Structure formats: C-alpha cells, structure tokens
Amino acid sequence: MARPLTDHIFTVGSPGSLSLKIGSLHIRGNTFLAPLAGITNLPFRRLVKECGAAVVCSEMISAKGLFYNSEKTLTLLASCPEERPLSVQVFGAEPDIMARAAAEISAMGIADILDINFGCSVKKVLKQGAGAALMKHPAMSRTILKAVRRATSLPLTIKIRSGWDGSGSQAFALAEMAEQEGVDAIVFHPRTATQGFKGHADRDLIRRLTQRTALPVIGNGDITTPSDALAMLTQTGCDAVMIGRGAMINPFLPGQVEALIAQGVTRPVTASDIFRKMERLIGLYVTHFGETTACRMLRGRLPWFVKGMPGCTEVRMALSRIPTTDQAIETIQAYEYRLSL
Ligand SMILES: Cc1cc2nc3c(=O)[nH]c(=O)nc-3n(C[C@H](O)[C@H](O)[C@H](O)COP(=O)(O)O)c2cc1C
Numbered sequence: 001m002a003r004p005l006t007d008h009i010f011t012v013g014s015p016g017s018l019s020l021k022i023g024s025l026h027i028r029g030n031t032f033l034a035p036l037a038g039i040t041n042l043p044f045r046r047l048v049k050e051c052g053a054a055v056v057c058s059e060m061i062s063a064k065g066l067f068y069n070s071e072k073t074l075t076l077l078a079s080c081p082e083e084r085p086l087s088v089q090v091f092g093a094e095p096d097i098m099a100r101a102a103a104e105i106s107a108m109g110i111a112d113i114l115d116i117n118f119g120c121s122v123k124k125v126l127k128q129g130a131g132a133a134l135m136k137h138p139a140m141s142r143t144i145l146k147a148v149r150r151a152t153s154l155p156l157t158i159k160i161r162s163g164w165d166g167s168g169s170q171a172f173a174l175a176e177m178a179e180q181e182g183v184d185a186i187v188f189h190p191r192t193a194t195q196g197f198k199g200h201a202d203r204d205l206i207r208r209l210t211q212r213t214a215l216p217v218i219g220n221g222d223i224t225t226p227s228d229a230l231a232m233l234t235q236t237g238c239d240a241v242m243i244g245r246g247a248m249i250n251p252f253l254p255g256q257v258e259a260l261i262a263q264g265v266t267r268p269v270t271a272s273d274i275f276r277k278m279e280r281l282i283g284l285y286v287t288h289f290g291e292t293t294a295c296r297m298l299r300g301r302l303p304w305f306v307k308g309m310p311g312c313t314e315v316r317m318a319l320s321r322i323p324t325t326d327q328a329i330e331t332i333q334a335y336e337y338r339l340s341l
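All the letters of the sequence shown, read from the start, carry residue numbers 1 to 341 under our numbering.
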C-alpha cells in the first residue's frame with residue numbers, strides 16, 4: 001500500500017518537519033549511522049552519537065555465531081545506555097536460528113530496533129545464503145521475516161539492496177513482502193549485489209520505493225556532505241538517511257545533517273573539533289578494548305580523520321604506526337601546534 005504524497009513534504013529549517021516513527025519507536029532526528037563491519041563498534045558508535053547522529057547501528061551480528069555462543073559474536077553486542085537508540089543488525093539464512101537470535105537480542109534489552117541484513121555482498125556472508133543472497137530467494141526471505149517477526153516485538157527493519165542484479169524489481173517485491181509480514185521500515189541501498197560498491201547509488205529507485213510502500217524508507221548510499229543528505233531527502237521523499245563511509249572519515253556528518261534539517265545551516269567543523277574527537281575516540285577505544293588492542297585498531301582509524309588537512313601525509317603515516325595511544329595523542333597535539341603557527 002502506497003502512502004499519501006503529502007507525507008513526503010519536507011521543509012528545511014522547520015524542526016520536526018520530518019518526524020520519524022519506526023514501529024513503536026519515536027526517533028528524534030533523521031540520520032542513521034550505517035552498520036559497518038569492523039568499524040561501528042561501541043566506541044565508534046558513541047563518538048558518532050556524541051556528534052549528533054539520531055540512531056546508530058551495530059556491526060552485523062551472525063545469528064549462527066549467537067546460536068553457538070561465539071565469544072566474538074557476543075563481544076560485538078557490547079552496548080551502553082548513552083548510545084541509544086541502537087539498531088542491532090543480524091544476518092543469517094536459517095529461519096529458526098534467525099528467530100532465536102532475534103529473541104535473544106530482544107531479551108538482552110540493548111536494542112531499540114532489530115534489523116535484518118538482506119544487503120551484504122561479502123563472500124563469507126553470501127556463501128551461507130545470507131545477506132544479499134536472500135534477495136534471490138523470495139520464499140526463504142518470507143519464511144525468515146515471518147519467523148523473526150514472531151520472535152520479537154522490537155521495531156523491525158530490513159536493509160536491502162536494489163536486488164541481486166537487474167532493475168530494482170527484487171527490492172520492490174521484498175519491500176512489499178516486508179510490509180505484509182509486519183516489518184516497520186526499510187533501509188534501502190540502491191545498488192545491486194553484483195555491483196558491490198561500484199557505480200552510484202540510484203536515487204531514483206529510492207524515490208520509486210517511497211511511492212510504492214507505506215513503510216518509512218531510510219535512504220542510503222554515497223552521502224558524503226550534508227547537502228548530499230538533503231538532496232536525497234528532498235529528491236526521493238525518503239524519511240531518513242543512513243550514512244556509512246561518509247561518517248567513517250567524518251563522524252560529524254550525521255550531526256551536521258541534523259543541524260541542516262532543523263536549522264537550515266550547518267556549523268563548519270574546525271580542525272580543533274576534529275582533534276578533540278580524535279582524542280575522545282582514543283579514550284573510548286582504550287576503555288573498551290584495552291591499550292594494546294585499541295592501539296592496533298586505532299592505527300587503521302586515526303589517519304582517516306586528518307585526510308585532506310594541510311601537510312597531513314607525514315602525520316597520517318605517524319598515526320598509522322603509533323606504538324602507544326599516548327604517542328597518538330602527542331602526535332595529534334604536535335600537528336595541531338604546527339598548524340597553528
Ligand atoms: C567497511 C564496510 C562494512 C560494512 N558492513 C556492513 C554490515 O555489517 N551490514 C550492512 O548491512 N552493510 C554493511 N556495509 C554497507 C553499508 O552499511 C552501506 O550500506 C554502504 O556502505 C553504502 O552506504 P555509504 O555510501 O554511506 O557508505 C558495509 C560497508 C563498508 C564500506
């Protein structure tokens with residue numbers, strides 16, 4: 001069932017003009033941090049939340065991993081009240097195991113939304129028949145949706161691509177099925193699975209989906225600036241945006257989008273803002289992972305933050321080799337001092 005077109009009217013600078021409700025959950029704001037395996041751990045989610053994102057998403061959680069009590073899977077479910085509302089994403093291909101995972105995650109009391117992954121195109125996931133592979137199998141998709149819907153009363157979303165391949169018809173069919181099976185919203189990354197990350201997210205498919213479904217649609221793909229987000233909202237009529245890679249390098253981005261929606265302007269992020277958030281992230285990583293693991297992981301994260309700053313090559317190199325997190329902070333502060341001269 002399509003929703004009335006008036007629902008799509010969106011005015012910049014009028015707070016609340018784009019109110020968002022997913023099932024029973026009222027959300028203040030319209031930006032989601034995307035699930036990013038290996039990236040959106042608890043410290044990073046907290047950082048992006050503190051920068052103003054409305055909703056943050058976990059990395060994808062293996063339903064099978066949960067079934068077998070995998071320590072690694074359980075670690076990925078670490079959460080804290082400060083990051084709420086949290087969407088926890090599960091992936092899998094077996095309805096019973098998916099339902100058990102849904103029930104278990106609900107019982108943990110950490111999730112405000114449960115999301116099912118129908119979009120992952122990584123080999124490891126596709127091999128199990130999960131993620132985007134499900135878009136080729138509507139009957140199995142329906143069985144999973146039914147089983148998960150029965151297993152949890154949490155607001156339920158699905159994250160889909162435009163299909164395994166083709167024109168978008170698989171996405172439209174899955175969205176219709178989701179609506180019939182009691183799903184509460186759809187996250188749409190309009191690229192096919194065979195495309196991976198090549199080409200562009202096809203915004204026109206988002207526009208067509210919002211016109212076909214009564215469910216809220218969260219548009220995703222290629223948002224790297226606040227105006228990209230605004231363009232997606234206004235051109236497609238989607239209800240919210242989800243930001244992945246853009247937030248990896250600029251954790252302020254979802255918050256900037258919120259400001260643009262509510263006030264019509266965004267405050268530019270200064271170098272000092274970035275340095276303070278880098279220090280904050282270091283602190284959050286050390287608290288969560290401990291010094292050794294934090295240091296190893298931060299070598300891959302911190303260099304993103306200074307990309308594009310004057311004379312950043314040397315400092316990026318230094319950050320990618322930090323022996324301790326104290327050294328990381330010294331490197332950041334020395335660079336900040338150099339920039340101030
Ligand atoms: C490193 C990385 C990890 C990802 N992990 C997941 C994941 O766990 N679950 C998922 O549904 N999508 C995952 N994605 C896809 C993103 O959530 C998002 O749909 C995609 O990157 C397009 O959005 P963007 O252009 O804003 O990055 C991942 C993408 C990247 C780059």
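Glycine included, each C-beta is placed from N, C-alpha and C at the ideal position. Note that the structure is predicted; figures quoted are calculated from it, not measured.
Met242: member of the beta strand (DSSP E) spanning Ala240 to Ile243, first to last residue. Rounded to whole angstroms, the Cβ separation of Glu279 and Ile329 is 6 Å, and the two are in contact under 8 Å. As DSSP reads the structure, Met60 sits in a beta bridge with Gln89.
Its Cα nearest to that of Thr75, the residue Met60 stands out among Pro81, Arg84, Met60 and Pro85. The DSSP-derived three-state label of Thr192 is strand. Ile27 sits away from Ala53, with the two beta carbons spaced by 7 Å or more. Taking C-alpha positions only, Met98 is separated from Cys312 by approximately 45 Å. Note on Arg46: 16 or more other CB atoms within 10 angstroms of its CB, so buried under the neighbour-count rule. For Glu258, the distance from the CB to the nearest heavy atom of ligand 1 is not below 6 Å. The Cβ neighbour count for Asp204, taken over all protein chains shown within 10 Å, is under 16; the residue is labelled exposed. Residues Ile97, Arg100 and Ala101 of the same chain have their beta carbon placed closer than 8 Å to that of Phe67, with the five preceding and five following residues left out of the count.
The beta carbon of Arg212 sits closer than 8 Å to the beta carbons of Ala2, Phe172, Ala175 and Glu176 from its chain, once the five residues preceding and following it are set aside; these are given in chain order. The beta carbon of Gly221 sits closer than 6 Å to at least one heavy atom of ligand 1. Secondary structure of Gly221 (DSSP, three-state): coil. The DSSP-derived three-state label of Val187 is strand. With a cutoff of 6 Å, His200 does not count as near ligand 1, since its C-beta is closer than that to no heavy atom of the ligand. Between the region 253–266 and the region 282–296, the count of Cβ pairs shorter than 8 Å is below three; the stretches do not touch. Here the distance from the Cβ of Pro35 to the nearest heavy atom of ligand 1 is below 6 Å. With a cutoff of 6 Å, Arg46 does not count as near ligand 1, since its C-beta is closer than that to no heavy atom of the ligand.
At least one heavy atom of ligand 1 sits closer than 6 Å to the Cβ of Gly244. By the C-beta density criterion, Asn69 is exposed, having fewer than 16 other C-beta atoms within 10 angstroms. Here DSSP, grouped into helix, strand and coil, assigns Ser79 to coil. Inter-residue distance for Asp273 and Lys49 is about 15 Å (C-alpha atoms, whole angstroms). Distance from the C-beta of Asn69 to the nearest heavy atom of ligand 1 is not below 6 Å.
For Asn30, the Cβ stays outside the 6 Å cut-off from all heavy atoms of ligand 1. About 4 Å separates the beta carbons of Pro254 and Thr31, which is inside the 8 Å limit, making them a contact pair.
Under DSSP, no beta-bridge partner is assigned to Asn69.
Boundaries of the alpha helix (DSSP H) harbouring Thr143: Pro138 to Ala151, taken from the DSSP string. Taking 7 Å as the cut-off, the Cβ atoms of Leu215 and Glu179 count as close. For Cys120, the Cβ falls inside the 6 Å cut-off from some heavy atom of ligand 1.
Going by DSSP, Phe305 is part of the alpha helix (DSSP H) stretching over Glu291 to Phe305.
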